[in-house]
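Structure first, then comments.
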Amino acid sequence: MASDWLPYYCREKRYGTMIEVVQKSGNDDKLKLQHGVALFLLHRVNEAINILEPIITNSSVSLGAANVCLIAHNLCEVIDKEAVSHLEWRILDEEEKVGEQSLYYAALSLLQIGKAEKSSDYLNKLLEKDPSSVTGLALKGWLELSLGKIKNASQAFKVALEKDKSNIEAQLGEIAIISVKDGISKINQLIVRYPSSTPPLEIKMKLQLSIKDWTLVIDTANRILSLQPNNLPALQIKTLHQIVIEGNYEDGCLNLHRIVQELEKHVNASSNELLFPVKLFSHICGRHSRVLTETIRLAEKAVSLYPTLPDALLELAEQFCMNNQISEASKIYRSVTKLDDSSVKALTGLTNIQFIESGLTDQVQQQVEFLAEVAGPDLSPELLLLRARCEAKDPTALLDKAVKAKLSSASLQKYGPQYFVELDPDFLMEVAKQFPENIEGTKKRIKVLEAITDACPGLAIALLYLAKSLAFCEKYSDAVEILQRLLREIEPSNAEAHLVLAQILVEQEQFTEAQTCLEQGLSCNLQIQERPLYHLLVGTMQRNQGDHSACVKSMQTALTANNGDYKLNLREIGSLYLELSTSLMALDQPEEAGKILNDANKILSGTEQESRLTIANSDLAVFRGDYMMALTLLSSIRSEQNYYLQACKKMADIHLNKLKDAQAYADCFRQLVDSKPTTENLIMLGDAYMAIQEPDLAVKTYEKAMQHSASDPKLSCRLGRVLVSTHQYGKAVKCFREAGQEGCIELAELLVRLGQFDSAEAALKDTPLTQKALVLAKVHEKAGNVNKALKVLEEVRETLGSSDVNLAAKTCLQMAEYCSMLRDHDTAINHYKRALIYQPDDAHAQISLARLYMQVNDWSSCQALCSSLLNKDPNNEPALLMLADLAYRRVDFNDAALHFATLLERHPDYWIALARLIEVKRRTAQLPDVKSFLEAATNIAPNEPGLSYCTGLYDWYSGNTNSALHHFNSARHDNEWGQQALHNMVELCLEGDDGISTATRLLSQMKPQSPDEEINVRLLHDLILLSSKDKQDIDIAMADLAALVSQDTLRVGAILGLATGYVLQKQIPRARNALKRIAKATWLVEEAEYLERCWLLLADLHVQNGKNESAIELLRRVLVHNQSCYRAHELLGLIAEKDQKYLEAGAQYQQAWKLSGETDPALGYKLAFNLLKAKKYAYAISTCQSVLKLNPDYPKIRKDILEKAISHLRT
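Numbered by our numbering, the letters in the sequence shown go through residues 1 to 1211 in order.
As structure tokens, this is what we get:
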């Protein structure tokens, strides 16, 4: 029956619900007694008397009805003394003859209206008469529980249930005392017994809420609402979840509106039923305007029903204050003082309003002092906050007391609506704002805000304020995590959050990301560009981009805009002046910078930011070249000041980079350690030792840091890395092992470097696959088992699914690289595409895929991908380089040269582009054009290995062999250019007559890193063997080359080697047949050199065999791809000479002579001879003279050509 739950509704202060249940349940006098109690508790005493007086004659409820009626009469404005006297007599009479039932209902009704002592008297009499009364024992339990006597209550409930397990009140009492887990189990039994009743479900919902199991809470709330759509507790909980946990104000406000509508319908709503939602939702919403509109409406309803109830009036006044309706609040507070002129709450409210309107005046100060005296030693949190606002000195102690009072009050409640009312997040937010703007004050503020956000993780304003405070203390990663969650899960359109995130990213010098955040913030709210912080951030980014004039303008705008509701805090003001002075110095305006710093000193003197100004003044001194003044200023910052560390770093920088004093540089960090021997400072000292190349001292310092934090795995890893850099691999392995799980990945990587693959795999044994997959794959790859590496990556990819897109993308990229190594290009392309599904904007993956498309000659896909990248980012250099390479491969040398030149104009030290340009210009016979690019690169990076390589390449193609070898030698130890430099040096040595031993030595220094590079080394070795002309060496080389021909990699080079070997073995037909296999092969960049040499050799053999047409076709094909190939011109000259076309032959030899650098006497002789035959005597004489300069004793040229040409010229 619904009436069984009347005591429950009464305890929940849902008096209107009690009346509804009574009215629906019949005319029983026991129900009427509960009706009268409910009316009494609703302060409707006259109505209560009217209900109770007729049932006083009923013996079962007469004692209870008479007692409640007597108390009601005494509360009337006009007391009916005759009725009071009659009731007092009636009670005395009833007490003499009272029965057990009458005693129970008297005790129950008196307990319900708060008369515990009188209730206890009747209850004791009842239990004296009948010690086994189950209802009496259950009520006894609730009475003891109301008095805080848990043990006594538990015993009473236990005895009651032993006698009657089905007694609802005893069961509910037991559930109120036992653990949540057991309570849920018990309440489930009641839910089964009463499937259509909502009270058991409401209790279950509260129990679930007490352990913060929101998922189950919402499930239960929905179940309640399916039974009773207007159930207020369920609606309250759902609204609470939407606002507090999800930060979903849209749905939260809709549900709150439903609650307000339901309560407005209730003619019997109690003041508590009306005011509790007001207190709850207004104090957890961050003063959200729509929420406050609803709570004000409900508070006004409470005041309309209870116009003289101070609590209702005070709550309405507070709502008006929260909604910034100050005048309305003031009127309400004044009306309360008319009802009770000593109301401390009302007077506190009025004083607070006066403070808001007028600031801290003498009158406000006096009023606060008066209120403190009236309130006595135990000031309310609200009065403590008001005193703190009036405190001229540090208000921290008062604020701490206010916070402690709220947190203590909340701690007495289970997590739930009442907990939030007691915690009062809105009040705590106001307290947090009052802490001083310094490090210590901010740390206090953070603790308060963390208490709020722990309870209200969806409260956006608190999360935002917490992130700002964490950023102030330089806890950037924590702040970023909070902001990202706020923007991702709670309020994506929060412009303020985007602005703060941009500020943090600027502090971390992540300017591109910061710019993106600012743009996102503007898209959410254009008005943020009116805030000074916006201009401060824009100016800082402009300064970083080198646009100092724009920075100065932005900072001046920020100074002008620094008023109103969005003023900069002290730290931001400090940053503004520092950025402004820095840009003024960059614009060579030191005097203006000095004035700015003087202005800043007037504002920030005596604050924590004063040290920053000292540091800025030291920067100005450095700018003026006064390093000693800078050091003096920096040394004035004491070790206990906040920016002491920054000052030490600045001093160290001056000593190292300006005064070139390495020891003084390290001394700065030694002093830092002496003043504060923390682990962090020891690490910085260790880093300083590393910077001045004192690795042994660095290791000792890191080891000392380890003694301070022996159990710090991160520090163990750091020491391990330093030991690796000093090649102390054994100690490094030990450090990584001691770091445990933290160091296992780096341990495995080191063991791979040391070639200990089994140990590396063992080190990863206990590491989850998702963490170790990439390293484990590397272990297998280095051990020579690429397929096993692929298997590991495939397994982790399937495990991940879409749970970690970053790792999934990395996995796919690595799989693509391994498949490329196995020459499984189709699968590699699929892996790259899958990686781009996970991270569509990954430019690195797109470039890798484009490169693979190029490698497999899918040029259209390559071009489409590069064009797409350049549409998004016109300055994407890898994409520009790829398009240039694509033009190169398509033999569109002019377009390729244009692309490469464009890249080099932007970055003269872009070595890959420079090397490619040299190749292109060589192939277009425009090699001298490269000189200007080499000079530009030399000016900015004269000692770079990349420059040495490119210069060597230029010299090689220009015919300057010795200079080329010198420059390649300078680059051969570089990680990027070393292997190719060694390759070229081997090729150069093979071009000479006596370079075999040098070539062999250089080849031994090559360290192939992939199967393709290993094949390249084999091919070079075979070519060296062929160059020896030794029969045994030739046989060895031919056997290996025959094997290499079957490989995809360098197949053309292997064919060249075979053909060369056949020529050496005098097997010309076999050589010709081998070369014919690639006579019409497609020209590819990777094997261009070998292919051209094959074509030249085949052409030479055709010439020897009299097949001039076939030879000419091949030679023209060579010249299409390489216009500077002098050997092609030489052979064309030979063909023309054989046909006695001396003029044509002379033209070809002339081109060959020019392209060879005029360094080959034999070629010069041929040119002079054909010029003589073509009757070009003057040119013949000039060529002879050039040859004789190279070799004065060159045979026959003087007599056979020079003298004849002179003779012919005379005649």
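Glycine included, every Cβ here is placed at the ideal spot set by N, Cα and C.
Exercise for the section: Take Ser25 and list the residues in its own chain whose beta-carbon comes closer than 8 Å to its own, dropping the five residues that flank it on each side. Expected result: Met1, Ala2, Ser3 and Leu31
Problem - Whole-angstrom distance between Leu126 and Ser133, CA atom to CA atom - result: Their backbone Cα atoms lie some 8 Å apart in a straight line.
Problem - Under the three-state DSSP convention, the category Gly64 falls into - result: helix
Practice task
Ignoring anything shorter than 4 residues or poking outside the region 1039–1064, list the alpha helix (DSSP H) runs there in chain order.
Solution key: 1051–1064
Exercise for the section: Starting from the C-beta of Met322, find all residues in its chain whose C-beta is less than 8 Å away, skip the five residues before and the five after it, and write them out in chain order. Expected result: Ser282, Arg287, Leu292 and Asp426
Problem - Nearest neighbour of His973, chosen from Ala550, Met985 and Asn962 [CA to CA] - result: Met985
Practice task
For Lys204, count neighbouring C-beta atoms within 10 Å of its own C-beta (all shown protein chains included) and say buried if the count is 16 or more, exposed if not.
Solution key: buried
Exercise for the section: Decide yes or no for the touch test of the region 714–729 against the region 674–687: beta carbon pairs closer than 8 Å, at least 3 of them. Expected result: yes
Problem - CA-to-CA distance, Pro874 to Gln520, given in whole angstroms - result: 22 Å
Problem - In chain order, each alpha helix (DSSP H) run of at least 4 residues that lies wholly inside the region 789–841 - result: 805–821 and 825–838
Problem - Residue range of the unbroken alpha helix (DSSP H) whose run includes Phe276 - result: Ser271 to Ser282
Practice task
Return the CA-CA distance between Ala1042 and Ile1181, expressed in angstroms with no decimal places.
Solution key: 49 Å
Handout entry: Assigned exposure category for Trp89 - 16 Cβ within 10 Å defines buried
Key = exposed
Practice task
Return the first residue and the last residue of the alpha helix (DSSP H) that Lys345 is part of.
Solution key: Val344 to Ser358
Handout entry: Check whether Gly252 and Ile259 have beta carbons under 8 Å apart
Key = no
Handout entry: Backbone CA spacing between Gln23 and Leu6 [nearest angstrom]
Key = Each residue's Cα considered, the two are about 12 Å apart.
Exercise for the section: Report yes if the CB atom of Arg1117 is closer than 8 Å to the CB atom of Trp1095, and no otherwise. Expected result: yes
Practice task
Whole angstroms is fine: what's the gap from Leu41's alpha carbon to Asp28's?
Solution key: If you take the alpha carbons of Leu41 and Asp28, they lie about 20 Å apart.
Handout entry: With 16 other Cβ atoms within 10 Å as the buried cut-off, status of Ile837
Key = exposed
Problem - Residue nearest to Gly99 in terms of C-alpha spacing, selected from Lys931, Lys129 and Ala116 - result: Lys129
Handout entry: With 16 other Cβ atoms within 10 Å as the buried cut-off, status of Ser166
Key = exposed
Practice task
Have a look at Cys1184, Ser554 and Leu232 and flag the residue whose alpha-carbon is nearest the alpha-carbon of Arg531.
Solution key: Ser554
Practice task
Assign Glu474 to one of three DSSP states: helix, strand, or coil.
Solution key: coil
Problem - Selected residue, minimal CA-CA separation from Val552, among Ile528, Ala514, Asn563 and Ala593 - result: For Val552, the nearest C-alpha among the options comes from Ala593.
Practice task
Return helix, strand or coil for His655, following the three-state DSSP convention.
Solution key: helix
Practice task
Kindly indicate the opening and closing residues of the alpha helix (DSSP H) around Met706.
Solution key: Pro695 to His708
Problem - Cβ-Cβ distance between Leu869 and Gln846 below 8 Å - result: yes
Practice task
Could you spell out the range, first to last residue, of the alpha helix (DSSP H) harbouring Tyr8?
Solution key: Leu6 to Arg11
Practice task
Using a Cβ-Cβ cut-off of 8 Å, state whether Ser185 counts as contacting chain C.
Solution key: The structure shown contains no chain C; it is built from a single protein chain.
Problem - Contained alpha helix (DSSP H) runs [length at least 4] in the region 904–952, N- to C-terminal order - result: As far as the region 904–952 is concerned, its whole alpha helix (DSSP H) runs of at least 4 residues are 911–923 and 931–940.
Practice task
Report the rounded CA-to-CA distance for Leu1056 versus Gly1106, giving the unit in angstroms.
Solution key: Each residue's alpha carbon lies about 21 Å from the other.
Problem - Span separating the alpha-carbon of Ile56 from that of Cys76 - result: If you draw a straight line from the Cα of Ile56 to the Cα of Cys76, it comes to about 19 Å.
Problem - Range covered by the alpha helix (DSSP H) that runs through Gly978 - result: Gly978 to Glu991
Practice task
Check Trp1153 in the structure and name its three-state DSSP category.
Solution key: helix
Practice task
Go ahead and pull the three-state DSSP assignment for Phe1169.
Solution key: helix
Exercise for the section: Give the C-beta separation of Asn1170 and Gly1146 to the nearest angstrom, bearing in mind that I take them to be a contact with Cβ-Cβ under 8 Å. Expected result: The beta carbons of Asn1170 and Gly1146 sit about 4 Å from each other, so the pair counts as a contact at 8 Å.
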